[in-house]
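In my numbering, the protein residues as written are 118 to 561. Where is the CB? At the ideal position from N, CA and C, for every residue including glycine. Accompanying notes for the structure given below.
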Amino acid sequence: MNAAPTLEMLDPTTLIMDINVRKDAALTPEFIASIKEHGVIEPVIAHRNEDGTVYVRMGQRRTLGAVEAQCPLIPVMITASTEDAERIVSQVVENIQRAAMTEADEADAYHQLSLIGVSAAAIAKKTGRKKAAVEGALKAKTSDAGTAALGKGHTIEEALVMAEFEGDEEATAELESVMEDEPDQLLHVAQQLRDARAHAAALAAFTAELEATETTIVEKPGYYDDETARVSSLNRADGERATEEDANAVYIEQDYRGECSAVPVIVGWKKLGFKDRNRFSSSANTGPMTEEQKAERKTLIANNKAMESATTVRREFVKTLLAKKQAPKGWQYFTIHALTHHSETASYDAKVAAQMVSAKTDGEKSWAWNPLRDHVAKSTARPEFSLIALVCAGCEKTIAKDSWRNPFQSHRDYLNQLVTWGYTPSEVEQIIIDSAKPAEGEAA
């Protein structure tokens with residue numbers, strides 16, 4: 118049976134500090150001055166070993182402050198020794214409640230607990246943190262880049278992003294620049310980097326498949342490439358249209374989603390007797406693209422890709438929003454306004470809506486498949502969350518990759534509402550938000 122705690126007055130310089138979960142004791146001049154004037158009012162919690170040494174379990178900051186203030190004695194509550202896991206958890210809970218821990222300290226604590234066999238679920242239960250947050254912290258700590266980011270004062274979320282791109286010097290440099298100059302854009306830039314990495318992997322895999330079949334791969338021909346032309350733009354010497362059977366090479370085309378396709382071409386088509394069937398077309402190009410046209414094309418492609426990446430971040434934000442206990446403020450007017458002013462939102466993407474409320478989306482994908490309907494049928498709880506998801510999914514369905522070029526009022530209303538709820542728009546989404554008010558009669 119454990120002995121009852123006892124209150125003793127001890128010299129703070131004789132106390133031994135256990136490994137503290139808060140590395141920065143934050144000994145401000147004001148804090149030390151307060152201890153000099155009033156002493157340590159709240160007892161430090163400690164336990165005494167068999168050799169008589171007293172180890173501080175809670176109150177390291179007070180103890181260090183008392184040493185700095187040269188207090189001869191401070192109150193110490195001596196308790197029975199506890200396991201390391203319980204000690205660390207107790208410190209985490211105490212410091213979280215006092216808002217005194219940095220996220221780096223919190224991650225360090227979770228890491229210590231994991232090393233002695235405490236699961237993420239158990240840590241979450243004891244500390245009151247969500248399991249996902251604990252798992253994120255542990256994942257960040259397994260990476261040198263994540264640990265370094267935490268050491269620099271970055272959040273667990275930011276450290277996770279850095280850990281994800283560890284080893285990619287170019288991506289790491291870009292992320293560090295964003296965190297320094299535009300930290301609110303970190304999630305968008307990270308998603309753009311993920312998508313670019315996925316696109317590069319898809320291109321490499323597709324290229325490897327073609328090379329395995331010994332297909333000749335060439336660069337995409339320009340507007341007036343004398344050597345290479347698409348099969349679709351050529352006729353045979355007899356006047357018939359050229360077909361894929363006439364192709365002697367391909368170039369690879371990749372769309373904004375990263376999907377690849379092989380476009381058949383004929384290299385040396387003039388020498389082989391083929392004719393350009395668009396040569397005399399009145400709609401044919403009159404010359405190569407100007408530098409201005411090239412710049413516009415580059416912007417178009419970049420913004421379309423950015424919109425795709427933003428869609429992922431935006432939908433994840435809504436999903437996180439709808440995972441909270443309370444529906445976001447103003448949801449009632451948002452939903453009724455959207456349904457009455459932008460009727461197309463009622464034609465929602467059922468899978469997207471279901472994902473937004475974390476509902477299951479498996480099952481037979483028939484023409485009438487609607488996982489949100491199935492989700493609502495199974496439970497009468499929190500119907501407002503499903504309604505918000507329905508409207509948000511309806512808004513999402515109307516936003517295309519190039520909506521930034523000609524935004525509708527429904528797009529502006531939706532994005533502005535998300536901003537009100539805490540969403541940080543990407544630069545390309547900001548173009549939509551900042552766009553001029555549509556003229557009367559524009560489709561909503």
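Counting only the same chain and skipping the five closest in sequence on each side, list residues whose C-beta sits under 7 Å from that of residue i.
{"i": "D372", "result": "none"}
{"i": "A237", "result": "K248, V251, E252 and L255"}
{"i": "Y575", "result": "No information on residue 575 is available, as it lies outside the stretch 118 to 561 that the chain covers here."}
{"i": "I549", "result": "S520, W521, P524, H528, R529 and L532"}
{"i": "G268", "result": "A221"}
{"i": "V536", "result": "P542"}
{"i": "E185", "result": "L144 and I149"}
{"i": "V335", "result": "T345, A366, Y368, V382 and V384"}
{"i": "K258", "result": "A224, H228 and T264"}
Given this structure, state the Cα-to-Cα distance separating residue i from residue j, to the nearest angstrom.
{"i": "T494", "j": "P500", "result": "Note on identity: in this sequence residue 494 is Ala, with Thr being the wrong assignment. Going by the C-alpha atoms only, they are around 10 Å apart."}
{"i": "M296", "j": "A262", "result": "14 Å"}
{"i": "M473", "j": "L277", "result": "23 Å"}
{"i": "H565", "j": "I273", "result": "Since the displayed the chain opens at 118 and closes at 561, residue 565 lies outside it and no answer follows."}
{"i": "K337", "j": "S503", "result": "47 Å"}
{"i": "M424", "j": "G156", "result": "58 Å"}
{"i": "E281", "j": "L181", "result": "37 Å"}
{"i": "L303", "j": "S426", "result": "12 Å"}
{"i": "A401", "j": "H316", "result": "Annotation note: pLDDT 41 at A401 (below 50); position unreliable, coordinate value reported separately. Cα to Cα, the separation comes out at about 32 Å."}
{"i": "P381", "j": "D312", "result": "27 Å"}
{"i": "V508", "j": "R490", "result": "14 Å"}
{"i": "F323", "j": "D363", "result": "22 Å"}
{"i": "W448", "j": "A485", "result": "28 Å"}
{"i": "I418", "j": "G339", "result": "17 Å"}
{"i": "C377", "j": "S207", "result": "54 Å"}
{"i": "G350", "j": "A379", "result": "For clarity, residue 350 is Ser in the given sequence; the question names Gly instead. Taking the straight line from one Cα to the other gives about 15 Å."}
{"i": "T330", "j": "A321", "result": "15 Å"}
{"i": "S231", "j": "A470", "result": "36 Å"}
{"i": "I87", "j": "E370", "result": "Because the chain here runs from 118 to 561, residue 87 falls outside it and cannot be looked at."}
I'd like the list of long-range same chain contacts for residue i, defined as Cβ closer than 6 Å, with 5 residues on each side in sequence excluded.
{"i": "T541", "result": "D301"}
{"i": "D466", "result": "A510 and K514"}
{"i": "A307", "result": "V278"}
{"i": "S552", "result": "P524"}
State the beta-bridge partners of residue i as determined by DSSP.
{"i": "A346", "result": "I383"}
{"i": "M473", "result": "According to DSSP, which records beta bridges pairwise, M473 is partnered with nothing at all."}
{"i": "N99", "result": "With the chain represented from 118 up to 561, any question about residue 99 goes unanswered, as that position is not in the structure."}
{"i": "I195", "result": "T123 and A163"}
{"i": "Q526", "result": "The partner list for Q526 (beta bridge, DSSP) is empty, contrary to what the question assumes."}
{"i": "V367", "result": "I334 and P381"}
Excluding sequence positions up to five away, which residues of its chain have a Cβ less than 8 Å from the Cβ of residue i?
{"i": "T170", "result": "I133"}
{"i": "M126", "result": "L190, I191, P192 and V193"}
{"i": "T333", "result": "N365, A366, V367 and V384"}
Return yes when the C-beta of residue i is under 7 Å from any heavy atom of the ligand ZN, and no when it is not.
{"i": "A186", "result": "As for the ligand ZN, it is missing from this structure, which has no ligand bound."}
Whether or not the region 374 to 391 and the region 350 to 366 are in contact is what I'm after, with contact meaning three or more pairs of Cβ atoms, one per stretch, closer than 8 Å; do they touch?
yes
As an exercise, report each continuous beta strand (DSSP E) stretch of at least 3 residues that is fully enclosed by the region 252 to 312, in chain order.
none
List in chain order: all unbroken beta strand (DSSP E) runs of 3+ residues lying wholly within the region 134 to 190.
161 to 165 and 171 to 175
Would you call the region 535 to 551 and the region 418 to 432 touching, i.e. three or more CB-CB distances under 8 Å?
yes
Is it true that the region 405 to 417 meets the region 280 to 300, where meeting means three or more beta-carbon pairs spaced less than 8 Å apart?
no
Can you list the alpha helix (DSSP H) stretches of 4 or more residues lying completely in the region 483 to 555, in chain order?
488 to 495, 500 to 515, 526 to 537 and 544 to 550
Could you tell me which whole alpha helix (DSSP H) segments of length 4 or greater appear in the region 407 to 475?
408 to 438, 448 to 458 and 467 to 473
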